[in-house]
Structures are given as structure tokens and as C-alpha cells.
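Reading through the C-alpha cells given below for one structure.
In the working numbering, the protein residues as written are 7 to 185.
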């Protein structure tokens with residue numbers, strides 16, 4: 007099977023990305039993770055953005071597919087592209103967050119099945135502050151939120167908001183902010 011980390015700028019980041027952007031559409035093969043700028047972040051991203059759409063199966067984000075712990079840090083960045091796939095862990099900014107995100111935003115629409123959010127699909131022990139999402143969220147089932155699909159145990163979201171419409175007719179865990 008194929009496993010890929012796909013980004014509009016780089017697949018994996020272990021270093022520093024500062025003041026960079028990508029405008030291309032990103033298509034991630036099944037079994038991979040991807041973002042409009044970076045597929046998998048274990049480093050630092052600052053003052054960067056992505057405007058292209060992101061499509062694939064799961065672990066998709068408008069800027070970053072997965073922001074890892076302990077090194078993954080993103081600040082002052084944004085994503086405007088639409089993000090979608092038929093499966094799970096999909097967010098307008100990041101698919102899964104285990105690191106730190108501050109002063110970021112996502113404005114594209116998001117679609118998927120389970121654990122879908124306008125900003126983050128799954129905040130898995132990570133910290134997000136001073137951030138927002140404005141795009142519409144459409145999901146099939148599971149955990150669905152205007153900002154976060156899930157904000158798991160040990161995770162934290164501070165001073166953030168969402169304003170996009172949330173539609174998930176088959177889900178019993180839907181919220182305007184978090185599922």
C-alpha cells in the first residue's frame with residue numbers, strides 16, 4: 007500500500023518555514039496525509055499561507071495534514087482552500103493537531119465523514135489559541151464541529167471562534183464550535 011506525506015511546499019517539515027506560501031491544489035493518495043503547505047509538521051511554521059484546495063482520503067488540512075508533538079508549532083498563518091475527502095480527521099487548517107497553533111485562521115469549506123472541523127479535525131492533546139474558522143462544514147457522521155471535530159482529553163483551545171454553517175445529518179455529535 008502507498009503511504010505519503012504530501013504538501014504544496016514540502017511533504018515533511020522538521021525545520022523552520024517562514025513567510026512562505028503555496029497556491030497549488032494538493033491531491034493526497036489513499037493512505038497518506040496532506041496539507042496545502044505541509045503534509046506532516048514536526049518543526050516550526052510562521053507567517054505562511056496556502057490558498058489551494060486539498061483532497062484525499064483522511065488526515066487532511068488546508069495548511070498542514072498533521073501537526074505533531076512535541077516539535078510542531080504553527081503561528082501567524084492561514085489557509086483559504088477547500089478541504090475534502092470521504093473519510094476522517096479533516097480540518098480547514100489542520101487535520102490532526104498534537105502540537106501548538108497560535109493566531110491562525112481557515113476560511114475554506116470542509117467536507118468528510120467523521121472527526122471533521124472547520125479549523126481542526128482532531129485536537130489530540132494539542133493547544134490552539136487566538137484562531138478562527140469561517141468556512142462551512144459538511145460531514146456524514148461522527149464528530150463534527152464548526153471549529154473542531156473533537157477536542158480530546160488533555161487538549162486545549164483558547165480565545166478562538168467559528169462562524170461557518172455545520173451540516174451533519176447522520177451524526178449525533180455535532181456542535182457549532184466542537185463535536
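In this text, a Cβ means the ideal position worked out from N, Cα and C, and glycines have one as well. Since the model is a prediction, treat every value here as computed from it, not as a measurement.
Legend entry - Beta-carbon contacts of residue 167 that lie in its chain and below 6 Å, excluding the five residues immediately before and after: If the five residues before and after residue 167 are omitted, its C-beta is found closer than 6 Å to the C-beta atoms of 138, all from its own chain and listed in chain order.
Inset, instruction - Could you please give the first and the last residue of the uninterrupted beta strand (DSSP E) stretch that includes residue 158? - result: Per DSSP, residue 158 belongs to no beta strand (DSSP E) and is neither H nor E.
Inset, instruction - Counting only the same chain and skipping the five closest in sequence on each side, list residues whose C-beta sits under 6 Å from that of residue 133. - result: 106, 162
Inset, instruction - Since I believe residue 114 is in contact with residue 150 (beta carbons under 8 Å), could you give me their beta-carbon distance rounded to a whole number of angstroms? - result: About 16 Å separates the two Cβ atoms, so there is no contact after all.
Legend entry - Own chain, CB closer than 6 Å to residue 45, minus 5 neighbours either side, in chain order: The beta carbon of residue 45 sits closer than 6 Å to the beta carbons of 11, 12, 13, 17, 39, 71 from its chain, once the five residues preceding and following it are set aside; these are given in chain order.
Legend entry - Spatial distance of residue 27 from residue 19 (CA atoms): Roughly 14 Å separates the two Cα atoms.
Legend entry - Buried/exposed call for residue 169, threshold 16 Cβ in 10 Å: exposed
Inset, instruction - Mind checking which residues open and close the beta strand (DSSP E) that includes residue 100? - result: Residue range 100-103 is occupied by the beta strand (DSSP E) that includes residue 100.
Inset, instruction - Could you tell me which of 173, 109, 159 sits nearest to residue 131, measuring between CA atoms? - result: The residue from 173, 109, 159 with its alpha-carbon nearest to that of residue 131 is 159.
Legend entry - 4-residue-minimum alpha helix (DSSP H) runs that sit fully inside the segment 107-156, ordered along the chain: none
Legend entry - Identity of the residues DSSP links to residue 30 by a beta bridge: Paired residues: none, contrary to the question.
Legend entry - DSSP state of residue 94 mapped onto helix, strand, coil: strand
Legend entry - the ligand ADP heavy atom lying under 6 Å from the CB of residue 112: Looking at this structure, you won't find the ligand ADP or any other ligand, since it has none at all.
Inset, instruction - Look at the alpha carbon of residue 29 and the alpha carbon of residue 64, and state the distance between them as a whole number of angstroms. - result: The straight-line gap separating the alpha-carbon atoms of residue 29 and residue 64 is approximately 21 Å.
Inset, instruction - Identify which residue in 33, 48, 41 has its Cα closest to the Cα of residue 21. - result: Among 33, 48, 41, the Cα nearest to that of residue 21 belongs to 48.
Legend entry - Through-space distance from residue 61 to residue 91, alpha-carbon basis: 6 Å
Inset, instruction - Let me know the secondary structure DSSP gives residue 174 once reduced to three states. - result: In the structure shown, residue 174 sits in coil (DSSP, three-state: anything other than H, G, I, E or B).
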